[in-house]
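Residue numbers for the sequence shown, in the working numbering: 402 to 638. For each residue, glycine too, the CB sits at the ideal point set by N, CA and C. Written out below as structure tokens is the structure these notes cover.
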Amino acid sequence: MKIAYQLPLKSRGSTRVPNKNFRDLNGKPLCRWLVDELLAALPADADLWIDSEHERVMEFFSDVSDPRIRFHRRLEWFASDRANGNHLVNQFGLAHPEYDFFAQVYATAVTLRGDIVREAMDAFVARADRHDSMFLVTEETGWIWYQGRAVNYDPTTLDGLPRSQDAVYLKETTGLYAISREALFSTGCRVGRTPLLYTVPREYAFDIDTMEDFREAERLLARVEPSRTPETMRRAG
Numbered sequence: 402m403k404i405a406y407q408l409p410l411k412s413r414g415s416t417r418v419p420n421k422n423f424r425d426l427n428g429k430p431l432c433r434w435l436v437d438e439l440l441a442a443l444p445a446d447a448d449l450w451i452d453s454e455h456e457r458v459m460e461f462f463s464d465v466s467d468p469r470i471r472f473h474r475r476l477e478w479f480a481s482d483r484a485n486g487n488h489l490v491n492q493f494g495l496a497h498p499e500y501d502f503f504a505q506v507y508a509t510a511v512t513l514r515g516d517i518v519r520e521a522m523d524a525f526v527a528r529a530d531r532h533d534s535m536f537l538v539t540e541e542t543g544w545i546w547y548q549g550r551a552v553n554y555d556p557t558t559l560d561g562l563p564r565s566q567d568a569v570y571l572k573e574t575t576g577l578y579a580i581s582r583e584a585l586f587s588t589g590c591r592v593g594r595t596p597l598l599y600t601v602p603r604e605y606a607f608d609i610d611t612m613e614d615f616r617e618a619e620r621l622l623a624r625v626e627p628s629r630t631p632e633t634m635r636r637a638g
């Protein structure tokens, strides 16, 4: 089985977090946290593709000699705000149809562990006869409203209010998505018709979208185990 791991990485800065992907985060660029995790955990035959509109992003991986890391140049349109995750995996898959599975990972998921990614992918591949795609979720509880309407309970009927602990819902972490080649080419999307929802603890679901998130990431990563600190990684290398 050939698996491609696509890591979308725009060369241009974010409006909410200036220079987000390449901003220093506790001693190394934000984009390196998850990449270093993946290179430490993924099997030798996995390919990790940095997907960007400009090859300048590879400067942040110039010290990495691992042959699994590669570069995919996307068209400029796919670096615009109009492009979503479906567009990104679709254009990547069409350019690299030789893979059996496509995994999409996001550098902003800085607390996501490489071993969690590998375990989730192993579970997906093992169940590929029943599931055509997979993504990470956390299990949450509470009352959800969307576009002015209650989603997981009925506030208009007497018995429509179950116990809060029974109001369970699953929330996408947005850190990892995976899909088979057949499902990708038939749907054009990163989630197929029979997805596997792989549950992970909330500590692995953090994602950086705002400056408040970035500051929280600084606090979270300051408490990580020694094996994940930049100094320990330099010594190990």
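For P409, count neighbouring Cβ atoms within 10 angstroms of its own Cβ and tell me buried if that reaches 16, exposed if not. Against the sequence shown, residue 409 aligns to sequence position 8. It is buried - the Cβ of P409 has at least 16 other Cβ atoms within 10 Å.
Beta-carbon separation (whole angstroms), I404 vs M535, contact threshold 8 Å: As a working mapping, residue 404 is identified with position 3 in the sequence shown. As a working mapping, residue 535 is identified with position 134 in the sequence shown. With a Cβ gap of about 12 Å, I404 and M535 do not count as contacting.
My parser needs the beta strand (DSSP E) runs of 3 or more residues fully inside the region 465–546; what are they? The region 465–546 contains these whole beta strand (DSSP E) runs: 470–474, 502–506, 534–542.
Would you kindly work out how many angstroms separate the C-alpha atoms of S628 and A441, rounded to a whole number? In the sequence shown, counting from the first residue as 1, residue 628 sits at position 227. In the sequence shown, counting from the first residue as 1, residue 441 sits at position 40. Below a pLDDT of 50, predicted positions are generally treated as unreliable, and S628, at 47, falls in that range; no measurement from the model is reported.
Same chain, Cβ closer than 7 Å to L435, five either side skipped, listed in chain order: Here residue 435 corresponds to residue number 34 of the sequence shown, with the count starting at 1. In chain order, V506, A508, A510, V511, L513 place their CB closer than 7 Å to the CB of L435, counting only its own chain and leaving out the 5 sequence neighbours on each side.
Looking at the structure shown, is V346 part of a helix, part of a strand, or coil, going by DSSP? Shown here, the chain extends from 402 to 638; a query on residue 346 therefore has no answer.
First through last residue of the alpha helix (DSSP H) which encompasses T588: For the purposes of this step, residue 588 is identified with residue 187 of the sequence shown, where counting begins at 1. 582–588 is the extent of the alpha helix (DSSP H) around T588.
Can you give me the start and stop residues for the alpha helix (DSSP H) that L439 sits inside? By one-based count along the sequence shown, residue 439 stands at place 38. From DSSP, the alpha helix (DSSP H) with L439 extends over 431–442.
Closest residue to I580 among R591, S587, T574 (Cα-Cα distance): Taking the first residue of the sequence shown as position 1, residue 580 is located at position 179. For I580, the closest of R591, S587, T574 by C-alpha to C-alpha distance is R591.
Closer than 8 Å by C-beta to R417: which residues in its own chain qualify, once you throw out the five before and the five after it? Chain order, please. Position 16 of the sequence shown, counted from the start, is the residue given in the question as residue 417. Taken in chain order, the residues that qualify are D610, T611, M612.
Assumed close pair T595, D533 - CB separation to whole angstroms, cut-off 8 Å: Counting from one through the sequence shown, the residue named residue 595 turns up at place 194. Counting from one through the sequence shown, the residue named residue 533 turns up at place 132. The C-beta separation of T595 from D533 comes to about 5 Å, placing the pair in contact by the 8 Å criterion.
Given this structure, state the Cα-to-Cα distance separating F479 from V490, to the nearest angstrom. For the purposes of this step, residue 479 is taken as the residue at position 78 of the sequence shown. For the purposes of this step, residue 490 is taken as the residue at position 89 of the sequence shown. If you draw a straight line from the Cα of F479 to the Cα of V490, it is about 10 Å long.
N487 and L622 look like a contact to me (Cβ under 8 Å); what is the Cβ gap, rounded to whole Å? Taking the sequence shown and counting its residues from 1, one reaches residue 487 at position 86. Taking the sequence shown and counting its residues from 1, one reaches residue 622 at position 221. In this structure, N487 and L622 do not form a Cβ contact; the two beta carbons are roughly 30 Å apart against a cut-off of 8 Å.
Pairwise C-alpha distance: P430 and E460: Counting from 1 along the sequence shown, the entry for residue 460 is found at position 59. Counting from 1 along the sequence shown, the entry for residue 430 is found at position 29. Their Cα atoms are separated by approximately 11 Å.
Integer-rounded CB distance, given that H473 should sit under 8 Å from F493: Counting from one through the sequence shown, the residue named residue 493 turns up at place 92. Counting from one through the sequence shown, the residue named residue 473 turns up at place 72. About 6 Å separates the two Cβ atoms, so the contact holds.
Touching or not, the region 523–531 and the region 552–561, by the rule of three or more beta carbon pairs under 8 Å? Fewer than three pairs of CB atoms, one per stretch, sit closer than 8 Å, so the region 523–531 makes no contact with the region 552–561.
Neighbourhood of P563 by C-beta distance below 7 Å, restricted to the same chain and skipping five residues each side: Along the sequence shown, one-based indexing puts residue 563 at 162. Counting only Cβ-Cβ distances below 7 Å, and skipping sequence neighbours, we find Y554.
Quick check: is any heavy atom of the ligand NAD less than 7 Å from the C-beta of R603? The ligand NAD is not among the ligands present in this structure, which contains no ligands whatsoever.
Cutting at 7 Å between CB atoms, please list the residues of its own chain near E477, excluding the five before and the five after it. The residue labelled residue 477 in the question sits at position 76 within the sequence shown. Closer than 7 Å at Cβ, skipping near neighbours: E454.
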